[in-house]
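Chains as they are written, first to last, in the numbering used here: chain A, 1 to 271; chain B, 1 to 304.
Here a beta-carbon is modelled for each residue, glycine too, at the ideal position from N, C-alpha and C.
Have a look at the structure below, then the notes.
This is the structure in structure tokens:
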């Protein structure tokens, strides 16, 4: 069934799909753009079109000590979450996708459960649990709360890479006399590098942007998303979209750097 | 929730019976232990605590009293309208899933089959919003829809039009859910679609199937696992969503998670909030466990 209709069809469909995708991307970024616009307005209350532009809210935000502390807390939590997630998720991914063991199928489903669970309810459940244990709430309990949600996600991301890993490589190394530790360090880890790296990137960024889990588990400490929410509900100033745009920019820079190094890692592997 | 203990019990006990020493801990179980321990302390235990609290005396802050069904009685009493919150949440979530499936299918198809070397960059653009806190992005929509906001201001200055803002109405809550959960529908769909071998689709075309027939009888069944995961994930997250109704909906409708939050915070009635959480968890958990049983995760994730 060659025919001109058949060969023209797919390319026309392709451009429709391309246009649709572009619309979806615009849809995703439109509110982000609105936030940036609002942050550049001089007046305290937002009105569009903007009559007077100004960067004074950016100046104030960057100078604010309070906001500096918020960012420190958020980064600290995200770094701790990343460090622990990578280790747990790497091992979890081996159990998920690499080893053939009794109970693997059940393990796979258990890993998915916290992802398929409303985060706000998980946050409240953790609040209750910490309270029952008598643990005082602080950024440390928030790290733990983030881990419950982020470790499973990182496990899935690393698993995808583990699935494509050729187990014969490890066996060959073992046959050639390498110890288990050597195999892990010199064969498994380098090959799985890009997957582990993506897992770490996701862990950091998801923790950085998380709101529902932080809300109930940080206690007196506060993260950037929590602070912004409090200000949105009561006490709007253009400082709110400014800080929002600032955190968005920070995440974008990290993602870009991450993406570029990820590409280099893949290149280095010769894929 | 007994699956966790069962998994541990089964994996520990069985190999031990056969090969006493060496296989007590297989490498797989050993690697799984840290994650299992985390989820036992951080997921299973809190859920047990919530369940225990749901049987505590109303308005008490300790679980160590005589158990009572008072909280459930309150929820199920005919005078209580909390069932409306459940209905709203389920309806909103169902609508969001349908809209997302329609919105995401063409994009997923493009990512799986058409965009080629652009697919990585487009994926990056579509993933990035996940890393911006949802309330920041929802607040952007407030700035867009609000009176004298971006939409209203543009229409006024260009066309002199004045429209009623849709902000703070129920439809905008569904809009917000569609917006926030888009990636959670899209990427499982991509995984599903990339499980469909191109040759099979081409073969169907060569054998004279129309495009619709090919879609319905070849692509859809083969890609179904991905679609099911996407639908389930977005449904579950949307049922538990609260920011959309608080930020965009302006509390015009109280969704179930909002009721739970109110019980835990303003009302200071933890046992009631816990009982509501148990009911929500039961709905969500039943659905998830039923669906997950039928999915072969190795096949879905193993594809490259």
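Asked, Found
"Does the Cβ-Cβ distance between residue 89/A and residue 151/A come in under 7 Å?", "yes"
"Return the bridge partner residues of residue 54/A from the DSSP annotation.", "Its beta-bridge partners do not exist; DSSP assigns none."
"Would you please state the rounded distance, in angstroms, between the beta carbons of residue 174/B and residue 289/B? I believe it to be under 8 Å.", "Not a contact, Cβ separation roughly 26 Å."
"Specify whether the region 213 to 229 of chain A and the region 62 to 71 of chain A touch according to this definition: at least 3 beta carbon pairs, one from each stretch, less than 8 Å apart.", "yes"
"Under 8 Å by Cβ, that's how I've got residue 242/B and residue 261/B pegged, so tell me the actual separation to the nearest angstrom.", "6 Å"
"Starting from the beta carbon of residue 141/B, find every residue of chain A whose beta carbon is closer than 9 Å, and list them in chain order.", "30, 31 and 34"
"Give every residue of the same chain whose Cβ lies closer than 7 Å to the Cβ of residue 232/A, excluding the five residues on either side of it in the sequence, and list them in chain order.", "240"
"The region 193 to 204 of chain B: which residues have C-beta closer than 9 Å to a C-beta of chain A, in chain order?", "none"
"Going straight from the alpha carbon of residue 102/B to that of residue 63/B, what length do you get?", "46 Å"
"Under a Cβ-count criterion, where at least 16 other Cβ atoms within 10 Å of its own Cβ denotes burial, should residue 110/B be classed as buried or exposed?", "buried"
"Kindly say whether residue 21/B, judged by its beta-carbon, lies nearer than 7 Å to any beta-carbon of chain A.", "Low confidence applies here, because residue 21/B scores a pLDDT of 45, under 50, leaving its location unreliable and the question unanswered by this model."
"Counting only Cβ-Cβ distances shorter than 8 Å, please list the residues of the region 119 to 135 of chain A near chain B, keeping chain order.", "119, 120, 121, 122, 124, 125, 126, 127, 128, 129, 131 and 132"
"Report yes or no: do three or more beta-carbon pairs, one from the region 31 to 43 of chain A and one from the region 242 to 259 of chain A, lie closer than 8 Å?", "yes"
"DSSP has residue 41/A in a bridge; who is on the other side?", "53/A"
"List the endpoints of the continuous alpha helix (DSSP H) containing residue 50/B.", "45 to 54"
"Closer than 7 Å by beta-carbon distance: list the chain B residues that pair up with residue 159/A, in chain order.", "301"
"Here's a check: name, in chain order, each residue in its chain whose Cβ is nearer than 6 Å to the Cβ of residue 21/B, leaving out the five neighbours to either side.", "With a pLDDT of 45 at residue 21/B, under the threshold of 50, the modelled position of that residue is not reliable, and the figure given next carries that caveat. For residue 21/B, where only same-chain residues beyond five positions count, there are no Cβ hits under 6 Å."
"Return the residue from the list 270/B, 169/B and 115/B that minimises the CA-CA distance to residue 22/A.", "115/B"
"Exposed or buried, what is residue 263/A when buried is set at 16 or more other beta-carbons lying within 10 Å of its beta-carbon?", "exposed"
"Using 8 Å for Cβ pairs, my map puts residue 131/B next to residue 255/A. What's the rounded Cβ distance?", "7 Å"
"Assuming contact is defined by CB atoms lying nearer than 7 Å, are residue 226/B and residue 192/B in contact in what I supplied?", "yes"
"Residue 261/B versus chain A: which residues are under 8 Å apart at the beta carbon?", "120 and 124"
"Looking only at C-alpha atoms, which of 87/B, 58/B and 84/B sits nearest to residue 73/B?", "58/B"
"If you draw a straight line from the C-alpha of residue 99/B to the C-alpha of residue 141/B, how long is it?", "18 Å"
"Which stretch, first to last residue, makes up the alpha helix (DSSP H) that contains residue 231/A?", "224 to 233"
"Contact criterion: CB-CB distance below 7 Å. Does residue 240/B meet it with respect to chain A?", "yes"
"Which chain A residues sit within Cβ distance under 9 Å of residue 264/B?", "124, 127, 128 and 216"
"Kindly list, in the order they appear in chain B, the residues whose Cβ is closer than 8 Å to that of residue 44/A.", "What residue 44/A touches in chain B: nothing, since even the nearest Cβ is about 13 Å away."
"Please classify residue 11/A: is it buried, with 16 or more other beta-carbons within 10 angstroms of its beta-carbon, or exposed?", "exposed"
"Do you know offhand how far residue 144/A's Cα is from residue 211/B's?", "50 Å"
"Quick check on the burial criterion: 16 or more other C-beta atoms within 10 angstroms. Buried or exposed for residue 118/B?", "exposed"
"Can you pull the chain A neighbours of residue 166/B, defined as C-beta to C-beta under 8 Å?", "The premise fails here: residue 166/B is roughly 14 Å from chain A at the closest Cβ pair, so nothing lies under 8 Å."
"Using a Cβ-Cβ distance under 7 Å, would residue 101/A count as near chain B?", "yes"
"Does the Cβ of residue 251/B have 16 or more other Cβ atoms within 10 Å, making it buried, or fewer, making it exposed?", "exposed"
"Should the region 15 to 34 of chain A be regarded as contacting the region 195 to 203 of chain A, the criterion being three or more beta carbon pairs within less than 8 Å?", "no"
"Give every residue of the same chain whose Cβ lies closer than 8 Å to the Cβ of residue 138/B, excluding the five residues on either side of it in the sequence, and list them in chain order.", "176, 179, 180, 243, 244, 247 and 248"
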